[in-house]
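Accompanying notes for the structure given below.
Residue numbers (the working numbering), protein chains in the order written: chain A, 5 to 512; chain B, 10 to 109; chain C, 49 to 669.
Here it is, written out as structure tokens:
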């Protein structure tokens, strides 16, 4: 399979198109099987991936517009591999748990199309290709929010679309300038990201380009103060939309940070550590407080996911292997955990058609199995050891500790504030007595919900106890990335901050 | 002695007359006439500058414009006749069907 | 050597197996097999722990690396477990108390709807605690640390229908999290300065390490210990944690989890012994908490809260010992305390059972007739707690006082000495009010009865240990001398005897006062009007202060942040940009009216602008 990546990218879209001719009764089974095949393909990718090789693997290059150096250039390394698997995994889980009855065919087709764009973003190594997939991913999401959403769905969908679109246009300008600068330096046009990595730019160019890329990515993350589209999008989106949005689409932003500005502009990145870290800190603490004030379960989780993304950004800007590996791993765990949490809220929403915490109370009695899974996921979200989140959060914070002690202490408050809002959510909805008559007869999880959710629980615990198979390939790629940045950095400050190996490994 | 400036001034005067006509007239037919004057103002300028530089391109353009103007008149008059037959007026303020 | 590893794994994982087994039936109605199964597995774990204790008695250490956990950059954390003399002692304490508590709980939770769930969590707690004490690195300790926090949350909130229980559970978890942040920062400091989290690697490098770094590390680690061991100002959760079932209070909030902080300081003794400032602070805080908590116990009317405050006070004693460098004394007191305090709580559980979960000791009295064995065991435990010879508490507590005196810390000694008197008084105030005097329960219509035989039987090992544990002092010193510094305290023979006599004196005095007062109708009602009584009864108003000045403002600020800042400023700015673009479009769309004359005028204006621009910006002048 030489073209495994192309297959991974386009299989869901082609299968999605074919889905139009599938009858309405069997479309669910069709969607699930397509997603399952895609997931197994991505697993196959993992098994044939060489974890000890840090560079790009399964590379495919095909010139598209040679005069401008635009090509169809795909490849994965340890950093992107698992996010690709996360995308296919979450799509599969989402499809299994899909509870929508209205226009189910359109939903499944758009999900499969969305899957193509997600995988595409993570495997593209050509800036234009990356940008195309990046923008295309907005379309199915716009449709999903706009067609299946709540009352304010049109407002939310348009806000989501325009906001992220505006940001990515700024990024596009940055890309064009970057390509022009590359042309000036080498005399050849190229949009290849790996080629761009090798270009050394003067400081002032670096800073401006960094800002251009950063704004585009930050809106997607979403970083404070660009985060306000997210609560609306989550609040209005159907469950499946929120799951994919939180689990995968947000990761595009943080993945982009690792892939684009960091290796391209190491000096500017070091220069911008403090501004970015301050934004992340605000994001962590402020959104955690806002999350506590929410009355709607889904909004709590939406704001909590902003807060956690702050830790991811912070870990990325630790500029050492511990921090970046941690943040990449945290992306995965956040994907699984927040995806599961949104799915869990979806379960109760399907039954009661409300997400207000005041409507519930005593759910632990009415729905014990549901309460168990929610409890596990709440604890995972809080970052309890032996769940996936802990590994990521611990490494991210440990990494950033090298940059700044005080800031890490402040950022560490996320483990306190996270417990505050998550436990108060759990207490309000699950503890206490069953007050509302309607809640007494709620049905516990059914088969497909249990299957989807228990899978997520298993992954959370498995990778919390034994993260090695995932952590190792990530770490290999990240270490080479960091030492590359170290070599590339021009200023002494950057060289001293970007430390590839601070501490020699003692074991093995 | 008639110099280039004289031609250009003539062209400018013609242009202003045409422009004034375009602004003041409400009748579509007269508007068309004014446009013709504008075009011919440009023609005079082209021809004069072409002579001044000894470059035939300008005069060539002038012929082009004459040809275009002729066909324009043909099409424009045809349209206007149709319009007049339908609406019974050629006042341009009555042409409006959009509301902004 | 090989089979020692097997014992280690059995000791560690037997509780986990039990927990998983019980959790399979968590939402099923009561099944006796879950209780018996987990208790049996706990007993197996206890046997293995005892075998390991025997093994390490002569200086051997069992150290295994099970598998890798986190490995990123230079950070390498395996799941490694070590059984040395300190952890073997802890394992012995944990498994002993938890086996007893498990068996006891079969009776105590007899009628509970969630019998199976209880045992699942209880065994999970024991597993976490074993991880905590057996880990060979700080990260593994942290796993156990958070694990016991989780189980404590679930068990305090076990009766989640009760608002107060779920509130107390969250309070405990969140307050512990505050401290855990300190612990986490301490771990980061260890990693970035020592390059590893393994105890042996870290402790091998402490000499020559920068003093400030050591100070920060120990200080942050101690913040973690303060949360788990409920030291001031993070102490309020412990009293509220009494909302949980009483066996939980016995196991978690008296014998094991709350001593984790002490264990951490003992474990990190190579660090602490190099930083006298922090150590002295630890000792001072310990002494303060000892008297502070004891004073609150004096007036409380709640059976379990009194015992909780006494736990707090005893933890203070342990920290004094640890802070003064007498780590083995701290560990010794930890052990004896675990036995008699768990016994006291289980006795309280019997009383509660008899009194239909009534906790007010002023509604009891004269129960000794109905509950003879409970009375005997609680009195034994109280004597041990008061530090009366020859009970276990005497040996350990007296040693702490001796250490304080020998180290010339006379103020600390005086505080502890006085606290010993208070301890004796409130312990016997409780015993007197519950078991002796007027039978007030009759007024309230209770029909007390003695607990099941096997519950009493299950408690008996603790009763025996509470009596005799002190006599193993020399064996204990021999055991821990392999792992901890044993210092001889320079007190002359005469001074030693004087100390013993006056300490016994104040303890006996406290008991005598309590017995005399409460057999003669107690204190007058006027006492309850005084300021001091109100201050003590309201726990120095600290919970109120926390509620008023931390919880409520936090909730208010959060709401303001959301409604006023996020929606009205951040989001409004975004919407403002969008609407201003939209409005400018609305405003300028009149231009596109389709009116030919207007359009011609616009064309003229455009022409003019372009002409002017062309003239202004023409390259040739």
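Every residue, glycine too, gets a C-beta built ideally from N, C-alpha and C.
Source: prediction; values computed, not measured.
Secondary structure remark: continuous alpha helix (DSSP H) runs of at least 4 residues inside the stretch 336-420 of chain A, in chain order: 367-370, 372-386, 392-405.
Per the Cβ contact rule, the stretch 108-124 of chain C is not in contact with the stretch 263-271 of chain C (fewer than 3 Cβ pairs under 8 Å). Residue 73 of chain C: not part of any beta strand (DSSP E); DSSP gives it neither H nor E.
Put simply, the backbone Cα of residue 426 of chain A is about 8 Å away from that of residue 385 of chain A. For residue 93 of chain B, the closest Cβ of chain C is not nearer than 8 Å. Segment contact: the stretch 305-322 of chain A against the stretch 35-54 of chain B, fewer than three CB-CB distances shorter than 8 Å; contact not assigned. Distance from the Cα of residue 59 of chain B is smallest, within the candidate group B:67, B:53, B:14, for B:67. Of A:238, A:231, A:497, the smallest CA-CA separation from residue 286 of chain A is found for A:231. Secondary structure at residue 487 of chain C: coil, using DSSP grouped into helix, strand and coil.
Bridge partners of residue 123 of chain C according to DSSP: C:120. As for any alpha helix (DSSP H) of minimum length 4 sitting wholly inside the stretch 27-103 of chain A, the runs are 31-51, 82-101, ordered along the chain. In terms of Cα proximity to residue 545 of chain C, the closest of C:171, C:197, C:567, C:447 is C:447. Residues of the stretch 636-649 of chain C that bring their beta carbon within less than 8 Å of a beta carbon in chain B comprise 637, 638, 639, 640, 641, 642, 643, 644, 645, 648, 649, in sequence order. Look at residue 6 of chain A here: in three-state DSSP terms it is coil, with no helix or strand label. When DSSP states are grouped into helix, strand and coil, residue 94 of chain B belongs to the helix group.
Taking one beta carbon from each stretch, the stretch 175-191 of chain A and the stretch 252-259 of chain A have fewer than 3 pairs nearer than 8 Å; the two do not touch. Runs of the beta strand (DSSP E) lying entirely within the stretch 115-183 of chain C and spanning at least 3 residues, in chain order: 123-131. Comparing alpha carbon positions, the residue from C:239, C:77, C:177, C:195 closest to residue 164 of chain C is C:77.
Following the DSSP letters along the chain, one finds residue 629 of chain C inside the alpha helix (DSSP H) bounded by residues 619-636.
In the pairwise beta carbon analysis, the stretch 433-445 of chain A is classified as touching the stretch 360-369 of chain A: at least three pairs are separated by under 8 Å. With a cut-off of 8 Å on Cβ pairs, the stretch 73-81 of chain B is in contact with the stretch 44-59 of chain B, counting three or more such pairs. Residue 389 of chain A sits buried, since 16 or more C-beta atoms from the chains shown fall within 10 Å of its C-beta. In its chain, beyond the 5 residues on either side, 296 have a beta carbon closer than 7 Å to the beta carbon of residue 424 of chain A.
Chain-order list of chain C residues neighbouring residue 437 of chain A: 209, by C-beta distance under 7 Å. The C-beta distance from residue 172 of chain A to residue 220 of chain A rounds to 5 Å, short enough to fall under 8 Å. In the structure shown, the three-state DSSP call for residue 420 of chain C is helix.
Taking a Cβ-Cβ cut-off of 7 Å, the neighbours of residue 606 of chain C in chain A comprise 293, 294, 296, 297, given in sequence order.
For the pair residue 102 of chain C and residue 109 of chain C, the Cα-to-Cα distance works out to about 11 Å. Using beta-carbon distances, residue 26 of chain B does not count as an interface residue toward chain C, since no partner is under 8 Å. The Cβ-Cβ distance between residue 200 of chain C and residue 220 of chain C falls below 8 Å. Taking C-beta atoms as the reference points, residue 38 of chain A and residue 80 of chain A fail to come closer than 8 Å.
For residue 113 of chain C, the secondary structure class from DSSP, reduced to helix, strand or coil, is strand. For residue 144 of chain A, the enclosing alpha helix (DSSP H) has its first and last residue at 142-152.
Between residue 183 of chain C and the set C:516, C:136, C:386, the nearest pair of CA atoms involves C:136. Annotated three-state conformation of residue 128 of chain A is strand, per DSSP. Secondary structure note for residue 284 of chain A: its alpha helix (DSSP H) is the uninterrupted segment 277-297.
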